[in-house]
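Below is one structure, written out as structure tokens; comments come after it.
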Amino acid sequence: MTHVMGVPDAGGHFGDFGGRYVPEALMPACLEVESAFREAWSDPDFVNEFRETLRLFGGRPTPVTPLERLSEHLGLRVFAKREDLAHTGSHKINNVVGQALLTRRMGKRRVIAETGAGQHGVATATAAARLGLDCTVFMGELDTQRQALNVFRMELLGARVVPVTSGSRTLKDAVNEAMREWVTCVDDTHYCLGSVMGPHPFPWMVREFQSIIGTEAAEQLRALGVEEPDLVVACVGGGSNAAGIFAGFADSRADLVGVEAAGGSAVGSGVPGVLHGMRSMILQDDHGQVEEAESISAGLDYPGIGPEHAHLASIGRARYTRAADDEVIDALGLLSRLEGIIPALETAHAVAWLLREAASIPSGSTVLLNLSGRGDKDVAQVRSLLEDRR
Amino acid sequence: MTRLDHDLRAVRERRRALVPYFVAGLTPTWTQYLEAAVQGGADLLEVGVPFSDPMMDGPVIQAAGVRALERGVTLEGVLDELARTALGVPVVIMTYFNVVHYRGLERAAGLLADAGVAGVILPDLSLEESAPWRVAAGARDVATVLMVAPSTPPDRIGRIVATTQGFVYAAARMAVTGRASGDGEADLVVSRVREHGDVPVYVGIGVSAPEQARHAARHADGVIVGSALVQRVLDGESPAELEAHISLFRRAIDEGAREA
Ligand SMILES: Cc1ncc(COP(=O)(O)O)c(C=O)c1O
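Protein chains in written order, with this note's numbering: chain W, 228 to 617; chain Y, 50 to 309.
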């Protein structure tokens with residue numbers, strides 16, 4: 228059987244999207260990562276080490292929780308895949324454990340990473356500490372100010388945080404700076420990219436590491452008596468948590484929904500473009516310059532989307548919609564009060580979409596929500612946003 | 050062969066090429082720097098069209114790009130000004146692939162050709178992804194210049210040498226523009242490229258002083274000088290001052306050629 232979310236072609240293309248658009252200096256490094264990943268992923272010892280590390284260190288498997296009061300409120304059967312309970316508080320740990328193990332297997336001693344809000348940076352610093360790797364994280368200068376506590380967390384974990392002062396001083400510039408750094412140190416350093424984006428093999432590799440979310444969830448739902456959900460919903464920044472959960476259901480009949488931030492809706496408002504090593508849907512101005520995304524959730528503040536999502540959208544297998552800042556704050560509050568789960572602002576986008584669209588979903592439908600992360604990191608921001616409202 | 054191939058082979062018969070790089074639209078009088086560069090002894094001009102996300106550029110060219118974008122520079126505007134400037138040497142545009150991709154490959158190739166541009170350097174367009182663009186550009190006689198890096202293994206060098214047009218851009222070091230100094234691995238990269246064909250090889254990335262240019266010119270067919278010149282424009286030097294500085298590079302390169 229061929230899989231909807233299968234292996235990309237030899238050049239890393241998912242349909243018209245993906246590929247490898249990097250300076251020649253980085254091509255050999257990308258090819259090296261690809262061949263190392265292909266080898267590792269077909270080596271049962273590596274796969275076993277990945278799973279065991281996530282079990283013993285990463286807090287997996289994360290449960291699927293029936294959200295009973297929310298279900299009653301909406302007239303649906305809503306289940307949540309609880310990535311918020313994974314180590315470091317989000318799905319990001321799945322990817323970084325995979326890439327850190329791969330770094331060690333390639334004989335490299337150091338990882339670099341980009342981060343927006345700091346979640347991927349904290350996760351990378353965590354995995355690096357666990358495996359004894361040096362770690363440097365690039366973070367837009369604006370974000371280091373907005374997320375000062377996460378900077379401190381990374382430093383506690385032994386990482387070095389480099390504020391990026393170029394461009395708009397946010398996530399997309401942190402990616403540029405990490406790429407610039409990687410050129411100078413490919414011999415001993417792996418670039419641990421944080422989502423299903425960038426040049427081949429990253430979009431594919433990160434999806435494979437994250438697909439543990441969907442694989443676990445499908446099994447857990449069956450144990451709860453749900454053969455196949457009607458809907459699978461996830462928030463989308465670069466798209467790694469969505470790709471991870473979609474991977475478990477792409478071959479089923481489930482409707483797949485990705486929710487972008489209204490100010491960062493690459494599928495809804497972008498056009499095909501080439502950024503950060505990939506061809507995908509990208510927010511651009513009338514001259515082909517990349518535009519800034521804008522959202523209350525730093526983790527969705529990205530002007531692009533992973534190429535496989537652009538492909539799934541183009542073939543109609545998944546649909547991508549958006550949620551606005553205001554409804555996201557409301558959704559965060561509602562889930563907290565009804566279910567005792569404070570979701571991350573990113574995650575709250577998926578909840579907000581469900582609240583908005585529930586009335587048009589046939590009642591009694593089964594919905595699987597990917598609870599990509601917990602909201603502890605966001606409470607101070609949410610408090611001030613709520614105070615602003617009053 | 051493209052027009053650029055013919056032109057640069059003719060240059061090689063005479064001397065080592067000096068290739069100054071400027072950021073288009075950095076100042077209102079930016080084309081005067083191009084004219085000054087030709088007076089100072091340039092054989093080819095590399096004109097950078099700024100992109101919001103210059104992955105291959107260091108702080109100097111980034112800063113110049115930001116300033117030019119704030120001035121409202123666009124590809125169409127740059128080409129318009131270039132078309133109206135008589136330079137007497139070929140011009141290649143250096144930009145990122147999205148700038149071309151956004152306009153549609155055929156349309157972009159037409160815009161470049163109509164403005165008299167001889168070629169492009171698109172550092173993030175890998176050999177593997179380059180075919181559709183090369184078809185569109187080739188149809189309008191716009192050359193596509195490819196890069197070789199110190200990390201490029203021999204079999205890739207062979208394919209790049211067989212595919213590039215005009216010259217091979219040999220990156221002297223594993224770095225972005227304008228970050229490092231010293232001679233890097235230029236000689237090594239040049240000699241590797243030579244094993245695969247007789248296309249002209251120009252050295253760039255981190256050539257900031259005439260002395261380095263002299264050294265590079267002992268082995269290479271040409272030398273590209275970027276950030277060091279852009280910094281001077283950022284510092285407010287006049288075209289005449291730049292011309293004087295570029296003629297120092299000219300002299301150094303000619304000396305290097307004699308030492309070869
Ligand atoms: C909790 C959470 N969810 C989602 C995202 C968005 O990333 P992705 O779309 O790759 O899952 C982030 C990014 O920081 C995050 O922290």
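The C-beta atom is built at its ideal place from N, Cα and C for all residues, glycine as well. As the structure is a prediction and not an experimental result, all values here were calculated from the model.
8 Å or more divides the Cβ of V291 of chain W from the Cβ of A313 of chain W. Here DSSP, grouped into helix, strand and coil, assigns E259 of chain W to helix.
Residue-level contact by beta carbon fails for H245 of chain Y and chain W, as no gap is shorter than 8 Å.
In this model, D605 of chain W and L572 of chain W are separated by some 7 Å (Cα to Cα).
For I320 of chain W, same chain residues with a beta-carbon under 6 Å away, outside a window of 5 residues either side, are G285, A313, H314, A350 in chain order.
One Cα belongs to G89 of chain Y, the other to V191 of chain Y, and the distance between them is close to 26 Å. Within the stretch 506-521 of chain W, those residues whose Cβ lies closer than 7 Å to any Cβ of chain Y are, in chain order, Q511, H514, G515, Q516, V517. The alpha helix (DSSP H) runs of length 4 or more contained entirely in the stretch 506-568 of chain W are, from start to end of the chain, 534-541, 552-566.
Residue environment analysis places T123 of chain Y among the buried positions, since at least 16 neighbouring C-beta atoms fall within 10 angstroms of its C-beta. Ranked by Cα distance from A327 of chain W, the first of W:T371, W:L281, W:G345, W:D311 is W:L281. Here the alpha carbon of A252 of chain W sits roughly 5 Å from the alpha carbon of A198 of chain Y. Out of Y:S287, Y:S296, Y:A266, Y:L297, the CA that lies nearest to the CA of R61 of chain Y is found in Y:A266.
The beta carbons of G465 of chain W and G394 of chain W sit about 18 Å from each other, so the pair does not count as a contact at 8 Å.
Annotation: K335 of chain W is outside any alpha helix (DSSP H) and is labelled neither H nor E by DSSP.
With fewer than 16 neighbouring CB atoms inside 10 Å of its own CB, T392 of chain W falls in the exposed class. G305 of chain Y and H264 of chain Y do touch by the CB rule: their CB atoms are close to 6 Å apart, below 8 Å.
In chain W, no part has a C-beta under 8 Å from the C-beta of F71 of chain Y; the shortest such distance is about 19 Å.
Going by DSSP, V291 of chain W is part of the beta strand (DSSP E) stretching over 291-293.
Rounded to the nearest whole angstrom, the C-alpha separation of Q280 of chain Y and L93 of chain Y is 20 Å. The continuous stretches of beta strand (DSSP E) do not include F476 of chain W, and DSSP gives it neither H nor E. For V501 of chain W, at least one C-beta of chain Y is nearer than 8 Å to its own C-beta. The beta carbon of E260 of chain Y sits no closer than 7 Å to any heavy atom of ligand 1. Within the same chain, and ignoring the five residues on either side of E130 of chain Y in sequence, the residues whose Cβ sits closer than 6 Å to its Cβ are T80. Taking C-alpha positions only, H514 of chain W is separated from S269 of chain W by approximately 44 Å. Of all C-beta pairs linking the stretch 574-594 of chain W to the stretch 453-468 of chain W, three or more are shorter than 8 Å, placing the two stretches in contact.
Contacts with chain Y at 8 Å (Cβ-Cβ) do not include S496 of chain W. Within the stretch 144-165 of chain Y, those residues whose Cβ lies closer than 7 Å to any Cβ of chain W are, in chain order, F146, N147, V148, H150, Y151, R152. Between the C-alpha atoms of V148 of chain Y and I142 of chain Y there is a straight-line separation of about 11 Å.
Chain order gives no chain W residues near Q214 of chain Y, where near means a beta carbon separation below 8 Å; the closest approach is about 15 Å. For R449 of chain W, the number of other beta carbons within 10 angstroms of its own is below 16, and it is reported as exposed.
Boundaries of the alpha helix (DSSP H) harbouring P181 of chain Y: 180-188, taken from the DSSP string. Not a single CB atom of chain W sits nearer than 8 Å to the CB of L83 of chain Y. The C-beta of P288 of chain Y comes no closer than 8 Å to any C-beta of chain W. Here S492 of chain W has R549 as same chain residues with Cβ atoms under 7 Å from its own Cβ, once five neighbours each way along the sequence are excluded. What G238 of chain W touches in chain Y, judged by beta-carbon distance under 7 Å, is E177, going in chain order.
Taking the CA atoms as reference points, D414 of chain W sits about 8 Å from A256 of chain W.
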